[in-house]
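Enquirer:
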Amino acid sequence: MTYGTRMTQGLLAVTALALWGCSDPPPANTAAPQQALGHEAVGVRRLVWTEAVTADPRGSTPSPDGTLLPYIDWLTSNLGIRDLSTGTSRPLTSKAPGEPYQYPGPAAVSPDGTQVAYSWWGENEEDLWDLRIVGIDGSDERVVYSNKEAQLAWAAPDWSQDGAQLLVLLQKRDLIYQIALISVATGSARILRSLDWRRPGKMVLSPDGRFVLYDFPPTPESRHRDIYVLSTDATSNTPLVADAANDIVLGWVDDQHVLFASDRSGTPGAYLQRVKDGRAEGVPELVKPDLWRIEPGGATRNGAYYYTVNTASTDIFTTTLDPATGRVITSPTLIARDGTHPAWSRDGRYLAYISTRTPFSSAVVRVRSVDTGETRELYPRLDLTEDVAYTGDMHWFPDGSALLVRARDLTNRMGFFRIDSQTGAVSLVWSTGDSADMVSGAPVLSPDGKTLFFTRRDVVNSRMQIVGVDLETRTERVVVSTEGVIIRNALAVSPDGQRLAFEGLSPEDVWQSGGSPPRASLYVVPASGGESVLLHRLEEPHGITNVHGEVEWSADGRYVFFATIGFDATGPYSRLWRVPAVRYWPLFEPGGRQAERLDKLGGSSFEAFSMRMHPNGRELAFSAGSSGGVELWVMENLFALTSQSADSP
Amino acid sequence: METPQGRTKPAAPAAMFLALLCATLPQCSATATRGTARPEIPLGLDAYMPIPENNQLTREKVALGRRLFSDTTLSRDGHLACISCHQPERAFTDGRPVAVGVFGRKGTRNAPTLINRAYGATFFWDGRISSLEVQVLQPIQHPKEMDITVGEVVVRLERDQAYSDLFQAAFGREVNDGDLAKALASYVRTIVSGNAPVDRYGNGDRNALTERQRQGLRLFRGKGSCIVCHVGPLFTDERFHNTGVAWRDGRLLDQGRFAVTNEDEDHGAFKTPTLREVARTAPYMHDGSITTLEEVLEFYDRGGNNNPYLDPILRPLNLNAAEKRALLAFLHALSGEIREGTVSTGDITRE
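Protein chains in written order, with our numbering: chain A, 450 to 1098; chain B, 315 to 665.
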């Protein structure tokens, strides 16, 4: 996982916040359903924007008059601006195809509507997120702030009303987040408050510039968020909304009213809170109920609030293969909705997976009996959503007593954790000590459960490694170390524990935005260490999978399966392949071996990942679903509520 | 509860408890509004410093607290003051393995530095106290430290007209134990350390660290895994870890955090100390049992002391000699500028 690919982390973080909530069972109503204060006056409508899959407005804030909305154009890796009144879009930045890989983060239009502030990541020796401003006409792009030691985190900046300062979220190289104000004129940073490994969601300056509104877990062990007001003179940091419910910031409607989302009534809804001098006055009032999957956007001067809804979904499927030919012989069977990362127990009797189906749940682990279909839920005190989703799977320990997973604990500290398969109790197996300088991938477990393997990227020295950890002696050794090959997170141990298969990219195959997609390769190396041998070089110009990078061994260890993403007239699809992996050394074949092109996994618009082979060698479990789209919505006429609120006792 | 005049009767535990409670409860406090102030925050520390609403910083409180900090009146034998164990020239430590109290009584734990404690979440090596206003009175009463009741201290201070005047100036009332705590806490909040080479480097000055220190920083964040615990502006996660320091001859000599929480995972766990000014705060660990930074590095390089409760984040690091030198060099880059008694309404000069 590269520092630069925090883009995906950030997107998943935003998505996680949108799917926010306790992994414990949904709490009893923490408050009686509020008598809606004229919520019928607030209209909610969807703005149709059919390109909003590659044109991504998530997290960006509109112009104060609500006519312009920045977005990230993932096709060109440029920042664009959409005129919501005319339905037209145009680019703001002008990165050309073939240029080194760069892309923008969420953006914000200035109060006077003449500039746009945004973060920008450039893949250079600095591997750096900086803060930039560009004119609304695309002119005068300049870097405002650039500091390798404290970079911009994935979040839209927020302008002060006078346009002189930008509120930003920084992330230091020890991965601590900081709330900071950046001077637009000088680029100097004033650190208001350091947090920890956890980050706020939306952060917004009050219109009068006196306060920063942000959400954050109240204690290191909290699974929910409260809302805080931090004064910009740094004299106070006060809870504004603090209770057992999960509360996230949407924004300031005006200096006296804050809009936030909460699950306090049992379903997520938008609430209005009166504020005076940074303190709550009265109780929150329900504005709009049933705002599922809301992702914060921004408020306008005319009482509207723009937000997005992510419609992506992922489910668990199984399919049956002919072990002799590798061909798919049954259509995929839906096993579970809203699930990812299936993992078969070593005896094949259970299938575990991550699920976000429970209301507001960030993650629970579900264990399904293959024999009976009965499913039980585990509530490990871990944040599984972001990092497991991005970097890899769960694995059962051989005795079935527990699962191994890469995750963050409740203070967002990264490590490999053991989850008891009966109780969900968590213990740390291995601390990875991740920082921006040293990034680890997800672990895989040897068949005997005594060794775990994982990828590690030494950012400073541009070195990739596969590391093995002896869990009994608690010592690690380097299995593979290379400066020439980028080892991605697809890593699998052979059934006999003797070999590792992994996906790699040679330097010339690194993704070039707007240019040629990468051509990945499969390698095999002895688990004890030694020379990596090229097993297969993909013919099709795509990575092994679109996001998660998976390879899997056949049950007999004779083949390595992998899946690629292809595109046809109907959209993306997943295709299964296998390549023979027996007796590949010392009689290896230069250029790798030929892979057998097998079948599509499911139909079109069906992107499969996280595939796992059943111990019987016949059943393949995988996650799949639609990548979905981003819907743009607006809540309007909020001022009708604020005036009523002001009149209320 | 306080009388309207603010006088409390000494030496009554219940009364003292209530006074302490009042010191921390907003609704009980008589707020001094004379010239509220903020410490001057050096580079590297957050602009926001948590200060309780019922003990906002004032120049007068800080001046009073500073004087009390150096006053041996606050000890039974009249020879010991807070400053005896928290010496400014030693980054507010004392250079001894364990603190030495009145009549030469030796304690069991090392006197921790007081720098940046305004940002702290819990206090003492076992984190048993979460309020600075409560913490500052503990050493005064501890039999192996200053061994005097707060009530006795109040009586002694009442006899000194200068203190009566200072308390009036700071709080608008006569000497009492609640305000004693507030004054000391106010002064401690002004003890800050920042603007170290690492801070300047973090602020964009690429020349602030030598090449060896930069290498040490990379190791600190990478192979050394130091940032797993020593993280953030304070270089501490303010959490509790068993590194095995207390494990000797097959047993824990000090239960640490377990004595506070009774949680199994807290056996022999101690709070991660700050690494700011670490080059000046030898000896190290909760018992001062490690004398030099070089020995500290050796301790962590071998993965701490194995014991049944060892924190799983500890493991052998396999550092070579050059890497250890680089880490050592980096640790010296955490020494910056220490300020004390400095508030934005004007400096206070130590007498």
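Even for Gly, the Cβ is constructed at its ideal location relative to N, Cα and C.
(1) Near A/GLY731, which residues of its chain fall below 6 Å by C-beta distance, leaving aside the five closest residues on each side in sequence?
(2) Alpha carbon to alpha carbon, how far is B/VAL506 from B/THR656? Give it in angstroms, no decimals.
(3) Taking the Cβ atom as the reference point for each residue, do B/LEU648 and B/ASN517 lie within a distance shorter than 8 Å?
(4) Shorter than 8 Å from the beta carbon of B/PRO626 to some beta carbon of chain A?
(5) Strictly under 8 Å for the Cβ-Cβ distance: is B/ALA361 near chain A by that measure?
(6) For the stretch 731-744 of chain A against the stretch 704-716 of chain A, do three or more pairs of beta-carbon atoms, one drawn from each stretch, fall closer than 8 Å, so that the two count as touching?
(7) Which stretch, first to last residue, makes up the beta strand (DSSP E) that contains B/ILE454?
(8) Strictly under 8 Å for the Cβ-Cβ distance: is B/ILE604 near chain A by that measure?
(9) What residues in its chain sit with their C-beta under 6 Å from that of B/ASP461, if we drop five residues either side in the sequence?
(10) Using a beta-carbon distance below 8 Å, is A/GLY882 in contact with chain B?
(11) Is DSSP giving A/ASN686 helix, strand or coil here?
(12) Which residues in the same chain have their Cβ closer than 6 Å to the Cβ of A/ALA683, if we skip the five residues on either side of it in sequence?
(13) Quick check on the burial criterion: 16 or more other C-beta atoms within 10 angstroms. Buried or exposed for A/PRO546?
(14) For the stretch 547-561 of chain B, which residues have a CB atom closer than 7 Å to at least one CB atom of chain A, in sequence order?
(15) Would a C-beta distance cut-off of 8 Å place B/VAL412 and B/GLY421 closer than the cut-off?
(16) What are the boundary residues of the beta strand (DSSP E) that A/PHE665 is part of?
(17) When you compare each of A/TRP570, A/ILE631 and A/PRO511 to A/ASN527 by their alpha carbons, which one comes out closest?
(18) Count the C-beta pairs between the stretch 639-657 of chain A and the stretch 684-699 of chain A that are closer than 8 Å, then say yes if the count reaches three, no if not.
(19) Give me whichever residues DSSP pairs with A/PRO1029 in a beta bridge.
(20) For chain A, is any of its Cβ atoms less than 8 Å away from the one on B/TYR501?
(21) In angstroms with no decimal places, state the Cα-to-Cα distance between B/LEU498 and A/ASN596.
(22) I'd like to know whether the C-beta of B/VAL376 is nearer than 8 Å to at least one C-beta of chain A.
(23) Looking only at its own chain, which residues have a Cβ that is under 6 Å from the Cβ of B/THR595, when we skip the five neighbours before and after it?
(24) A/ASP645 CB to nearest chain B CB: under 8 Å?
(25) When you compare the CB positions of A/ARG647 and A/PRO666, do they come within less than 8 Å of one another, or not?
(26) Bridge partners of B/PRO488, per DSSP?
(27) Measuring straight from C-alpha to C-alpha, what distance separates A/SER895 and A/TRP498?
(28) Using a C-beta cutoff of 8 Å, does A/ASN1086 count as contacting chain B?
(29) Determine, using beta-carbon pairs with one atom in the stretch 531-538 of chain A and one in the stretch 625-641 of chain A, whether at least three such pairs fall under 8 Å.
(30) Counting only beta-carbon atoms, is A/THR535 nearer than 8 Å to chain D?
(31) Assess, as a yes-or-no matter, whether the stretch 546-564 of chain B is touched by the stretch 433-446 of chain B under the definition of 3 or more beta carbon pairs within less than 8 Å.
(32) Contact defined as beta carbons within less than 8 Å: I believe A/VAL875 pairs with A/ILE868. What is the distance between those atoms, to the nearest angstrom?
(33) Using 10 angstroms around the beta-carbon of B/GLU459, count the other beta-carbons present and answer buried if the total reaches 16, otherwise exposed.
(34) Whole angstroms are fine: how far does the CA of A/ALA792 sit from the CA of A/PHE1010?
(35) From A/LEU601, A/PRO511, A/LEU940 and A/GLY515, pick the residue whose C-alpha is nearest to that of A/ALA557; which is it?
(36) Beta-carbon separation of A/THR782 and A/THR767 under 8 Å?
Expert: According to the structure data:
(1) ARG723
(2) 9 Å
(3) no
(4) yes
(5) yes
(6) yes
(7) Looking at the DSSP string, B/ILE454 is not in any beta strand (DSSP E); the run it does join, the alpha helix (DSSP H), is 452-455.
(8) no
(9) ARG390 and VAL416
(10) yes
(11) strand
(12) LEU641
(13) exposed
(14) PRO547
(15) yes
(16) 660-665
(17) A/TRP570
(18) yes
(19) A/TYR1008
(20) no
(21) 38 Å
(22) no
(23) ALA405, THR407 and THR427
(24) yes
(25) yes
(26) In the sequence on display, residue 488 of chain B carries Glu and not Pro. BP columns for B/GLU488 are empty, so no partner.
(27) 48 Å
(28) no
(29) no
(30) You won't find chain D in this structure, because its protein chains are A and B.
(31) yes
(32) 6 Å
(33) buried
(34) 16 Å
(35) A/PRO511
(36) yes
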